[in-house]
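Taken in order, the sequence shown gives residues 9 to 1213; the numbers are from the numbering used here. Every residue, glycine too, gets a C-beta built ideally from N, C-alpha and C.
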Amino acid sequence: MFLYNLTLNPSNAINQAIIGNFSGTKLQEIIVARHTRLELLRPESMTGKVHLVLAHETFGIVRSLSPFRLTGGSKDYVVVGSDSGRIVILEYNPTKNTFDKVHQETYGKSGVRRIVPGQYLATDPKGRAVMIGAVEKQKLVYILNRDSSARLTISSPLEAHKSHTLVHSCVGLDVGFENPVFACLEVDYSEADNDATGEGFQNTEKMLTYYELDLGLNHVVRKWSDPVDPRANLLIPVPGGTDGPSGVFVCTENFISYRHQDAAEHRVPIPRRAQPLEDSSRGLLISTGVVHKMKIHKQNQFFFLLQSEEGDIYKVTMDHENGKVKELTIKYFDTLPVAAGLCILKSGFLFVASEFGNHYLYSFEHLGDDPDDPEYNSSDFMQEDGDGELPLVYFKPRPLKNLAPVDEMESLAPFMDSKIINLTDDDTPQIYALCGKGSRSSFRVLKHGLQVTELAVSDLPGSPSAVWTTKLKADDSNDAYIVVSFVNATLVLSIGETVEEVSDTGFLGTSPTLAVEQLGDDALIQVYPNGIRHIRADRRVNEWKTPGGKNIIHAATNHRQVIIALTGGELVYFELDNAGQLNEHQERKEMSANITALSLGEVPEGRQRSKFLAVGCDDDTVRILSLDPDSCLDSLSMQAVQGSPSSLCIVEMMDSGTDKLHGTLYLNIGLTNGVLLRTVLDEVTGQLSDTRTRFIGSKAVKLFRVKVAGNKAVLALSTRPWLSYTVQARLYLTPLSYDMVEYGSGFSSEQVPEGIVAIAGNTLRIFIIEKLGTVFNQSALLLKYTPRHFALHQQSKNFVVIESEHNTFSPEAKRKAYEVKAEEGFEIDDDIVNLPEAEFGLVRAEPGKWASLIRLINPFSLESLQAIELEDNEAAFSVAIVSFLAMQNEPFLVVGTGKDVNLAPRTCSSGFIHVYRFVEEGTKLELYHKTQVDDVPLALLGFQGRLLAGVGKALRIYDLGKRKLLRKCESKSVPNCIVSLHTQGDRIIIGDIQESIHYATYKYRDNRILVFADDTQPRWLTTSVMIDYDTVAGGDKFGNFFIDRLPTATSEEVDEDPTGNRILYEKGYLQGAPHRVQYIAHYYVGDIMTSLHRSTLVSGGREILVYTGFLGSIGVFIPFITKEDVDFFQTLEMHMRSETPPLTGRDHLSYRSYYTPVKSVVDGDLCEMYVLLPAEKKRMIAEELDRTVQEVTKKIEDMRVRAAF
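1) Is the distance from the Cβ of Y1159 to the Cβ of F423 below 8 Å?
2) Rounded to whole angstroms, what's the CA-CA distance from L963 to E978? Just pull it up for me.
3) Around the C-beta of F1213, are 16 or more other C-beta atoms found within 10 angstroms, so that it is buried, or is it exposed?
4) Under 7 Å: does the beta carbon of P407 sit that close to some heavy atom of the ligand SAM?
5) What span of residues does the beta strand (DSSP E) with A766 cover, start to end?
6) What residue ranges within the stretch 977-1026 form continuous beta strand (DSSP E) runs of no fewer than 3 residues, ordered along the chain?
7) Let me check understanding here. Comparing Cα to Cα, which of G1042, R796, T1058, G1047 lies closest to V1019?
8) Near D132, what residues of its chain come up, given a Cβ to Cβ distance below 6 Å and the 5 sequence neighbours on each side ignored?
9) What does the Cβ neighbour count give for L62, buried or exposed, with the cut at 16 atoms within 10 Å?
10) Between the stretch 358-370 and the stretch 12-26, can you find at least three pairs of beta-carbon atoms closer than 8 Å?
11) Give the single residue among L499, D1135, N17 whose Cα lies nearest to the Cα of Y1115.
12) For F1049, I'd like the list of residues in its chain whose CB is within less than 6 Å of its CB, leaving aside the five on either flank, ordered along the chain.
13) If we require 3 or more residues per run, which beta strand (DSSP E) segments fall completely within the stretch 1075-1150?
14) Check F582 in the structure and name its three-state DSSP category.
15) Would a C-beta distance cut-off of 8 Å place V1033 and D1052 closer than the cut-off?
16) Looking at the unbroken alpha helix (DSSP H) that takes in G208, where does it start and where does it end?
17) Does the Cβ of L344 have 16 or more other Cβ atoms within 10 Å, making it buried, or fewer, making it exposed?
18) In the DSSP assignment, find the unbroken beta strand (DSSP E) run with K332 in it and report its ends.
19) Identify whether V195 lies in helix, strand or coil by the three-state DSSP scheme.
20) Under the rule that 16 or more other beta-carbon atoms within 10 Å means buried, what is T666, buried or exposed?
21) Return the CA-CA distance between L516 and A564, expressed in angstroms with no decimal places.
22) For L679, which residues in the same chain have their Cβ closer than 8 Å to its Cβ, ignoring the five residues on either side in sequence?
23) What are the complete beta strand (DSSP E) segments, minimum 3 residues, inside the stretch 634-697?
24) Which of the three DSSP states is assigned to M748 in this structure?
25) Please report the residue range of the beta strand (DSSP E) in which V465 lies.
26) Tell me which residue opens and which closes the alpha helix (DSSP H) that D838 is part of.
27) Would you kindly work out how many angstroms separate the C-alpha atoms of C178 and D942, rounded to a whole number?
28) Tell me which residues share the same chain as E508 and place their Cβ nearer than 7 Å to its Cβ, disregarding the 5 neighbours each side in the sequence.
29) Taking its Cβ as the centre, do 16 or more other Cβ atoms sit within 10 Å of F892, making it buried, or is it exposed?
30) Span of the beta strand (DSSP E) holding E592?
31) If we require 3 or more residues per run, which beta strand (DSSP E) segments fall completely within the stretch 31-70?
32) Kindly indicate which three-state DSSP category V709 falls into: helix, strand or coil?
33) Give me the Cα-Cα distance between F784 and Q459, rounded to the nearest whole angstrom.
34) In this structure, what does DSSP give as the bridge partners for C259?
35) Could you give the DSSP three-state label for S804: helix, strand or coil?
36) Indicate the three-state DSSP secondary structure (helix, strand or coil) for I1071 in the structure shown.
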């Protein structure tokens, strides 16, 4: 078995975010690291929308990012710390839209290791040096400079190592143009390591250490070291030089202190929420922060925004004079999602890269200067004893006041579980997903297609047949008219602040229209069945009438040319001359078959005309005719197609064609049978080649040229609308998540620069397409707690979701706690008690406290039908819908819960299995009974009309009794804890939490479960699926995918043993089961798999494996059918490894073999980067494969479109 791996949706979680001028202009941009992927984001200052400019898969784990700018430079570079054992400096190339690798220096082993640098990056604010540090011991400093050609140079590394030292934080200090200084938060554990009594550990000090790079001596020295609070966790540099006093903020549990060499310490407490149930003994940490510099009245000023682990943002300001700090001031600013990174833009926006859930862009409404907000000054907490505990201070949380959300980037992380089912009978199945953490979690429905934002819908009189938009002048930026054609009339609407009907336009209103175009500088043209109206700017109309007895049946136009097809297959060509007169070409062309479609390309810049005309005929052919004056209407090429052409569209797409500046000229052919063909049209000879085919619906395809994201695109309409477009030089064909429309045209106005106007039924619609490049659009229902698992009730099509949250109060426990506080004399403020949990999070409780509920959801209306809260500190961990034979196969909901569960060490006071009955046609749940068990049931499954339950390490079969479940059979052959179960016939596949897969069989005659085979490798299993009777695929918590298969001989031997005695008395092998499974495939995905499914994603496609990852990724494994394909893609992958080494310096083969060597899997993501290579490299690799470039790209594209999207 060989598989082809493809990513459908990359990881959404962001672990690093930086800001800078990476394009070399004054425009600020954001670069984010999504673990293995680098993305350049550009926020629009006018609209506040965040646009993805570039995304690059690095095939390595990005651990740290830092921007830097050489002194006097205008462009920021990016330093990347990764798992490659190399420091890499990247430069964004705006011309090519790529990240260029400027330097790559090796310093250590690959992988994420304690003593190999890469975890910490700190740059000198003046761009003179960078420090890259490890978690332990090693720190290296590189000097950055320019050579005589103004190119960036990097020195050999200078060591700043210190043995037995753990680093908690590392930053570059702002010291102006003095020697660069780096500050580190360190712990020396040498004494604690050698002291068996534990006293050394108690006496260990955390130190703030300055490392100075002496540029004269080319050496790094420890300049200063001073003890700080042992609970300190984060350093934030303070502006220095001419901007401020320099130094650092040391963020510590419950307070922030300012520290600097030869400077007094200033401390200020971190305000806490005035929540009555808050445990005052639990410390509060700052998790991230950002500093913003600004000029006010020609004075340099700055402030800090620091975020606590609760999500509260604090504004910290500093009163300083002559390089000396007078006092610190802290005040509550707003509450946002807990962030992995914060970026403040000069245009007045704050980008929040959330740890979990969606990412946001906020605009600053105020700077937090409201005098009514309480603030705390360090001068109020000055003590003689500098190490004394500061008193706790409180604030009252409130809704957003200083910030306003303006844009949202959807993120599926953390992706907890999924189901792939087609409940709506669409062309493709939907992915139902559980995402998020705590009160920001959600139940989401993912559908294949681009998200469409509908702006306007208006009814029209009658049923329109076509719609166009047109400008009045060639240099107009916006459209002036919407022209709607009916069966016997034409309606003209003007575009302004409102859309209104107009009559004095020169258009003929008493006839249907076939084409509308803005012609020349300031004229319009209307083609109707009996002629052509050429409307001048002064409303003079020149009219060309059809010869007697003939009508125009098709027309194609551009800004300078008009071509019409008359009944009988006659073509008449018109061209605009320099005087603005539309002239008919002297010769007409008679086609041998009836004409069904025409298309003209747009006039290329600097040219007089488009060179080619495409003609579709009912003899199932498409012909290309020349429009060159010397050979006008001569046939250049012909292509036979699989049906009658219904629509044609010539368009130049900006993909990775032969020329980066011009892209590729394509002829799109829509057929009456719903097939869309895309063929390359040679710009010189007019020959057709490299045809790609897609089935997009059962209706005849109509094609329209539109514009999205500044580039040309093709709107294809069949039973659903599709869009063919380019993003980052890649060509996409994606359906729109919208109603069926019959006709469309591009639309541009002041309010909507790039929209589409379309007709559907008797309505006129205007909509825009956003988030290009995404595969799925999402709709979501907010949940209360972190979702764990869910199940589908087939009869009602409703989902049952179990939600459980650790370290929080259940509603009943919270109510009782408030009553106790009220009795103790606490004043309970309703504003605090009733804060919206979705915004402010859940109230935290001590470890071992749980809140949990069972929720019934309608996936069509995204409505919560019922929510059953669990009491007595119970939490739900597993769910299944089981049909019991004892109840005539009636489906029951079975939920496994644990009471008083502790996670480390894993204990509970008892477990329970709840059985619920579906009532009121599956819209309500009713508790049937509840059975106590001795451990938490983590896996439940219906098995032969009974319940199969993994309770701790015991596998049990239960039947449904009247008052509780009845235990019928038990096996304790699993080493640790059962987390997954699958079954087929009598065979049971058991997943152990850390010992991989076990194969068992149930012998009905003797009522015994016997484990007869297990895996050779211990795997911390997170998900698994049965591929067939003998084969299992799974994923572990380190990001590995694997396939195990039971040898055929063993499988047959077990099945032929009726009693199981041979297995029972067979001797175990190496303290395990008697047999071992075979290792079929292995691959490092780079994300923790949370679900794995056997499914078909496209209509008529084959079965594939679909997986979801914890960080929000969705991917597929496609099985190869032929040995020829395996050899082709393995060879291509080998060439791609050598021709496109990963951006961060990681070796691709070793990356995909992170824990175990890759086996029988080809990396499709790497193969798809072939289309982005320079033309010469593409040609060279294609020659090595004995193919043409077109054949290679077609093969790569076919692998995706035939099985996935």
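On the basis of the data shown:
1) no
2) 6 Å
3) buried
4) As for the ligand SAM, it is missing from this structure, which has no ligand bound.
5) 763-768
6) 986-992, 995-1000, 1005-1011, 1016-1022
7) T1058
8) G180, P188
9) buried
10) yes
11) N17
12) G1043, Y1091, V1093
13) 1086-1092, 1097-1103, 1112-1117, 1122-1127
14) strand
15) Taking a C-beta distance under 8 Å as the contact criterion, V1033 and D1052 do not qualify as a contact pair.
16) 207-210
17) buried
18) 332-343
19) Residue state for V195 is assigned as strand, using DSSP reduced to three classes.
20) Confidence in T666 is poor, its pLDDT being 48 and thus under 50, which makes the residue's placement unreliable; the coordinate value appears in the next sentence. Flag for T666 reads exposed.
21) 18 Å
22) V649, Q650, G651, S652, P653, S654, L685, A708, V709
23) 643-648, 653-661, 672-679, 683-689
24) Coil, per DSSP.
25) 460-467
26) Segment 838-841, the alpha helix (DSSP H) holding D838.
27) 48 Å
28) L501, S502
29) buried
30) 590-592
31) 37-41, 45-51, 58-65
32) coil
33) 8 Å
34) L242, I264
35) Shown here, S804 sits in coil according to DSSP, grouped into three states, outside any helix or strand.
36) helix
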